[in-house]
Amino acid sequence: MNQKEKISIALKKAKTSLEKILILIEAEDPDCFSVIQQNLSVIGLLRSVNLLMLESHMERSSKKLPSSQTKQFKIFQKELLKIIQTAQNK
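37 is the number of the first residue of the sequence shown in the numbering used here; add one for each residue after it.
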């Protein structure tokens, strides 16, 4: 599965979760725990999408580089993605 498909699936899941949140909120006596769970699900999915989009962008950008710089860029890309992922998990 390519990056675009992964991004699309994650966004569709986030949309579904948001729709569930709206249904829960519009209920007469919403279950706050369920709303919080769905909120966290959406947040996780959107963080995942951000990483996938950044990775995809960097992959496209690396193709524009001369071959002599590709290896260095790949190392930088891996380190940057790891830092961002670590920061998102805090």
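Just so you know, even glycine gets a beta-carbon here, dropped at the ideal spot from N, CA and C.
- When the Cα atoms are used, I111 and Q39 turn out to be separated by approximately 19 Å.
- Exclusion of the five residues before and after S77 leaves S53 as the residues of its chain whose Cβ lies within less than 7 Å of its Cβ.
- If the five residues before and after S44 are omitted, its C-beta is found closer than 7 Å to no C-beta atom of its own chain.
- According to the DSSP assignment, L116 belongs to the alpha helix (DSSP H) that extends over S103 to Q124.
- Per the coordinates, the alpha-carbon of L117 lies some 19 Å from the alpha-carbon of L101.
- By the neighbour-count criterion, in which 16 or more other beta carbons inside 10 Å mark a residue as buried, Q108 falls on the exposed side.
- N86 carries a helical assignment under DSSP once its states are collapsed to helix, strand and coil.
- Distance from the CA of A123 to the CA of A50, rounded to the nearest whole angstrom, comes to 21 Å.
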